[in-house]
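In the working numbering, the protein residues as written are 23 to 222.
Even glycine gets a Cβ: it sits at the ideal position worked out from N, Cα and C.
Heads up, the thing below is written out as structure tokens.
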Ligand code: GAR
């Protein structure tokens, strides 16, 4: 059974969606550990309520690579095969990325490469796009940047606020993260340049 490590900074609804998929047998893996850089993250509490190992590693004041070495150490201790960033609001160092080559996923609430970074749903509204959505991609050391595994569109309504748009995108995030994890765990893909190509 493959072992997932989840990294989060806040609410943890994507973690909970993944945990629901694992519990329902929609993902054939176990969640080995949940790690947060914020001790107060609601996602840590949600993990503990589910009986999943939840570890707080505060990042405040630490050099990026020193911090990443601590996180990688914890992931190794739990023998994690695939790392899933679920609202983990930190850039990973080149060191971290090299430790898990094509073994780190991130979810982002826009159709990348549009609107990377913070408040993607607000950025989409401000820009006036008619369609936004969400993306699951492999992580490299650049912000919201690596090869794309799954994307899905969400229509922007004229009466949307950042909150209503975010809520509709979030429902799709919860769906496509499970889909992307299953694709990656199947091993039936290869990466050509920036493209993730399905095999078999
Ligand atoms: C999600 O919308 C996720 O896509 C976003 O943070 C939110 C976390 O919510 N991530 C990013 O913007 C990454 N650049 P959650 O804690 O409820 O899963």
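| message | Tell me whether residue 59, by its Cβ, gets closer than 6 Å to a heavy atom of the ligand GAR. | response | no
| field | Assumed close pair residue 187, residue 178 - CB separation to whole angstroms, cut-off 8 Å | value | 6 Å
| query | Of the residues 73, 209, 30 and 217, which one's Cα is nearest the Cα of residue 114? | reply | 30
| message | Using the Cβ count rule (16 or more neighbours within 10 Å means buried), how would you classify residue 52? | response | exposed
| Leaving out five residues before and five after residue 213 in sequence, what residues of the same chain have Cβ atoms less than 6 Å from its Cβ? | 169
| task | Please indicate yes or no: does the CB of residue 78 lie closer than 6 Å to some heavy atom of the ligand GAR? | result | no
| field | Whole-number beta carbon distance between residue 124 and residue 154, since they are thought to touch under 8 Å | value | Not really, about 26 Å apart at Cβ, beyond 8 Å.
| query | Excluding five sequence neighbours on each side, which residues of the same chain lie with their C-beta closer than 6 Å to the C-beta of residue 172? | reply | 158, 198, 201 and 202
| field | Spatial neighbours of residue 23 in its chain, beta-carbon cut-off 8 Å, leaving aside the 5 residues before and after | value | 50, 51 and 52
| request: Run the CB neighbour count on residue 219, radius 10 Å, all protein chains shown included, and call it buried at 16 or more, exposed below. | output: exposed
| Buried versus exposed, by CB contacts within 10 Å (16 or more), residue 180 | exposed
| field | For residue 214, the residue or residues it bridges with in DSSP | value | 217
| Smallest Cα separation from residue 176: which of 151, 207 and 167? | 151
| CB-CB length for residue 32 against residue 109, believed under 8 Å | 5 Å
| Is residue 40 near residue 96, with beta carbons less than 7 Å apart? | no
| task | Tell me whether the beta-carbon of residue 42 lies closer than 7 Å to the beta-carbon of residue 55. | result | no
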